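Counting in my numbering, the sequence shown runs from 44 upward without gaps. Backbone N, C-alpha and C define an ideal beta-carbon position, used for all residues, glycine too. Please read these numbers as outputs of a predicted model, since none were measured by experiment.
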Amino acid sequence: MEKKFVPYEQEHELTPLLLVICVVNLNSEKFFRDALHEHEAFFVVSTHGYGTSTAKSVGEVLGLNTHTKQALFAVMRKNKWSAFKKVAQERISTSDYTKGIAVAMPLDGVA
């Protein structure tokens, strides 16, 4: 007996993915890495935030002109973003030592 073909999306719920980028002070990197994992990020890549931008204003705005920043890149489900965003906003607004940014952009294709 042959099994009837059923498209994957009819058997499983599909959730759009987001690329999440956080630029935070060096002392906040562990907090954000743990928070991303708690909100089911698939992976987190962390690197020193020293930029290669030739436009100084862009590097300065993002804080990438010093070695005191960490840039974290992660992929997470869209339905987890709002909960992570709330945690990030609370941490970023705590004090001047926890300042940073967290942004997300949709991933609509993989090459």
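Legend entry - Enclosing beta strand (DSSP E) for Asn68 [first to last residue]: In the sequence shown, residue 68 corresponds to position 25, counting from 1. Note, Asn68: beta strand (DSSP E), 60-68.
Legend entry - Beta-carbon proximity check, Glu72 vs Gln113, cutoff 7 Å: On the sequence shown, position 29 is the one that residue 72 refers to. On the sequence shown, position 70 is the one that residue 113 refers to. It is a contact, given that the beta carbons lie within the stated cut-off.
Inset, instruction - Look at Pro149 and Leu69 and say whether their C-beta atoms are less than 7 Å apart. - result: As a working mapping, residue 149 is identified with position 106 in the sequence shown. As a working mapping, residue 69 is identified with position 26 in the sequence shown. Contact flag unset, no.
Legend entry - Rounded C-alpha distance that separates Asn57 from Phe74: Translated into the one-based positions of the sequence shown, residue 57 becomes position 14. Translated into the one-based positions of the sequence shown, residue 74 becomes position 31. Strictly speaking, residue 57 in this sequence is Leu, with Asn absent from that position. Each residue's alpha carbon lies about 29 Å from the other.
Inset, instruction - Output the boundary residues of the alpha helix (DSSP H) element that contains Val130. - result: Translated into positions along the sequence shown, residue 130 becomes position 87. Unbroken alpha helix (DSSP H) run through Val130: 121-135.
Legend entry - For Thr90, the residue or residues it bridges with in DSSP: Position 47 of the sequence shown, counting from 1, holds the residue named residue 90. Partner(s): Ala114.
Legend entry - Span separating the alpha-carbon of Arg120 from that of Ala131: Reading the sequence shown from its first residue, position 77 is the one you call residue 120. Reading the sequence shown from its first residue, position 88 is the one you call residue 131. Going by the C-alpha atoms only, they are around 16 Å apart.
Inset, instruction - Pick helix, strand or coil for Leu150, following the three-state DSSP scheme. - result: Residue numbering aside, residue 150 sits at position 107 when the sequence shown is read from its first letter. The answer is strand: DSSP assigns Leu150 an E or B state.
Legend entry - Residues bridged to Ala145 [DSSP beta-bridge criterion]: Position 102 of the sequence shown holds residue 145. Partner(s): Cys65.
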